[in-house]
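First up is the structure itself, then whatever we jot down about it.
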Amino acid sequence: MDRRHFLTTALAGGAAATLVRANDAAAAPTRTSAKIVIIGAGAGGTALANRVVRRLDGAEITLINPRQEHLYQPGLSLVAAGLKPADYVVSQTGQWLPDGVTWLRERVAAVDPEAKIVETESGASLAYDWLVVAPGLVLDHDAIEGFSLDMVGKNGIGALYAGPDHAARTWDAARRFTEEGGTGLFTRPVTEMKCAGAPLKHTFLIDDIARRAGNAGRMNMLYAAPQSALFGVPIVAEKVRMLFEDRGIDSLMNATLTAIDAGARRATFATATGSEEVDYDYIHVIPPQRAPDFVVQSGLAWADKWTDQGWVEADMATLQHLRYPEIFALGDVAGVPKGKTAASVKWQVPVVEDHIVAAIEGRESPETYDGYTSCPLITRIGRAMLVEFDYHDNLVPSFPGMIAPLEELWISWLMKEVALKATYNAMLRGRA
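Using our numbering, the final residue of the sequence shown is 419, and nothing's skipped along the way.
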């Protein structure tokens, strides 16, 4: 299924769940006794498990994941703006896993890529022929001095990334801010991060909600980021800058959040000239993000890139490890220039799937990932920009001439607020 077809099914909502790739339906599964281990049951691991189990007959497929609950992470920004309840993003991990896959409810402690063994925290050892590393990433809240998750929802502090309950508590704090006014401080981390548009979405939504309440004149909105641009794609960054200017949202660039004083409602930023303190009435905290410890400790991370973050060393086109060809990275943990969104995972999964199946069948796979990333960038309630781009920062719109990627459109909002979840669920089933 091409990208246009995928997004068309998104507009049709649940219809996506009935679709099956033509080659999946036509081809008989390949007989094999291969041992395949998938670390992680997020979007990538779950979608891959559902696809591989249909492509292979007799494979021993084990998925390792400790969480009982699956989180629909694209919905957290809606919860944090009071547009959806916390349970909107929660389902049970087991409901998405297919027959023929063994779910090991544990955490991974280590990978021995030479011996081809995965060890869990309970001491279990699993041998593999193929390993897919898709555990997601770690939110390093401890890196921000003075901050802890129990503060969220109190004293004007929000942190939507931490999960559904924290997203709901974020709305508690943000709602009070939109009613009472003051200075709103919206941050993003210095590291790579999942869905780099999320800090902007939260900024735009809270600003819009305050305006709708008639409190625009009581708000001082400030977006602070360690980067020098508002978005990684230059043309999108310029559009965001124009929107900020139009709505009176100020920016503090090249500034990294290092500490907060919750009692004083004061944030400290590291800047090129030292440090700067900013007083706030509401602050949204997005912490630094990194790979789980086992990735670095097992020698799977890049040695010369992202050394402070530990992303898995991988070929940017095939997602195959450069030193251990039987290992693939998928999703947030993959050390590639783009791709930490659910839409990216949608296009990464078939690549990993086909390369594993092709190797088992003794052929070469032609499948590659071009860095496709999609961000329905909400700019106000009822409007969004459908921003799609690749590794080279080229805009790659799925509907050229129909949906302009840099226009605030109702249809782009509809895809984010209504249709995306049905398509995401179809992806989890391996059907989109």
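Glycine included, each C-beta is placed from N, C-alpha and C at the ideal position. All figures in this text were calculated on a predicted structure; none of them were measured in a lab.
Environment of residue i [buried if 16+ CB atoms lie within 10 Å]
i, result
"residue 276", "buried"
"residue 335", "buried"
"residue 405", "exposed"
"residue 141", "exposed"
"residue 360", "buried"
"residue 389", "exposed"
"residue 232", "exposed"
"residue 312", "exposed"
"residue 424", "The chain is shown from -12 up to 419; residue 424 falls before or after that span and cannot be answered."
"residue 379", "exposed"
"residue 237", "exposed"
"residue 260", "exposed"
"residue 402", "buried"
"residue 419", "buried"
"residue 158", "buried"
"residue 319", "buried"
"residue 28", "buried"
"residue 211", "buried"
"residue 123", "buried"
"residue 147", "buried"
"residue 309", "exposed"
"residue 387", "exposed"
"residue 110", "exposed"
Residues near residue i in its chain [Cβ-Cβ closer than 7 angstroms; skip 5 each side]
i, result
"residue 351", "345"
"residue 162", "69"
"residue 354", "337, 338, 341, 342"
"residue 364", "184, 187, 188, 371, 372, 374"
"residue 281", "95, 96, 97, 98"
"residue 100", "285, 286, 287, 311, 314"
"residue 460", "Residue 460 is absent from the structure shown; the chain starts at -12 and stops at 419."
"residue 432", "Outside the modelled stretch of the chain, which goes from -12 to 419, sits residue 432, for which no answer is possible."
"residue 126", "148, 149, 274, 276"
Residue i versus residue j - alpha carbon distance
i, j, result
"residue 118", "residue 24", "5 angstroms"
"residue 372", "residue 88", "38 angstroms"
"residue 412", "residue 108", "30 angstroms"
"residue 194", "residue 321", "33 angstroms"
"residue 198", "residue 205", "9 angstroms"
"residue 8", "residue 341", "With a pLDDT of 41 at residue 8, under the threshold of 50, the predicted position of this residue should be treated as unreliable, though the coordinate-derived value follows. In a straight line, the C-alpha of residue 8 is about 13 angstroms away from that of residue 341."
"residue 12", "residue 415", "With a pLDDT of 43 at residue 12, under the threshold of 50, the modelled position of that residue is not reliable, and no figure is offered here."
"residue 22", "residue 115", "5 angstroms"
"residue 207", "residue 56", "38 angstroms"
"residue 369", "residue 196", "11 angstroms"
"residue 46", "residue 245", "48 angstroms"
"residue 333", "residue 339", "11 angstroms"
"residue 138", "residue 395", "34 angstroms"
"residue 407", "residue 226", "24 angstroms"
"residue 71", "residue 285", "39 angstroms"
"residue 156", "residue 104", "41 angstroms"
"residue 34", "residue 229", "38 angstroms"
"residue 220", "residue 323", "16 angstroms"
"residue 299", "residue 121", "10 angstroms"
"residue 398", "residue 349", "44 angstroms"
"residue 73", "residue 102", "43 angstroms"
"residue 160", "residue 270", "9 angstroms"
"residue 202", "residue 86", "53 angstroms"
"residue 303", "residue 154", "32 angstroms"
"residue 192", "residue 235", "14 angstroms"
Anticipated Cβ contact below 8 angstroms, residue i with residue j, distance rounded
i, j, result
"residue 293", "residue 179", "7 angstroms"
"residue 265", "residue 209", "7 angstroms"
"residue 296", "residue 278", "6 angstroms"
"residue 31", "residue 317", "4 angstroms"
"residue 67", "residue 145", "7 angstroms"
"residue 26", "residue 48", "Wrong, their Cβ atoms sit about 12 angstroms apart, outside the cutoff."
"residue 215", "residue 240", "6 angstroms"
"residue 362", "residue 328", "7 angstroms"
"residue 173", "residue 190", "4 angstroms"
Cβ shell of residue i (< 8 angstroms), same chain only, five flanking positions each side left out
i, result
"residue 423", "In the structure as shown, the chain starts at -12 and stops at 419, and residue 423 therefore has no counterpart that could be examined."
"residue 421", "Here the chain has residues from -12 to 419 only, and residue 421 is not among them."
Residues of its chain near residue i, where Cβ-Cβ distance is below 6 angstroms and the 5 sequence neighbours each way are ignored
i, result
"residue 106", "96, 97, 112"
"residue 44", "16, 18"
"residue 358", "325, 377, 378"
"residue 149", "136"
"residue 90", "50, 84"
"residue 223", "374"
"residue 242", "211, 256, 258"
"residue 249", "138, 142"
Between the stretch 129 to 147 and the stretch 32 to 40, can you find at least three pairs of beta-carbon atoms closer than 8 angstroms?
no
Count the CB pairs spanning the stretch 380 to 398 and the stretch 65 to 80 that are closer than 8 angstroms, and state whether there are at least three.
no
Would you be able to state if there are at least three C-beta pairs under 8 angstroms between the stretch 179 to 188 and the stretch 60 to 67?
yes
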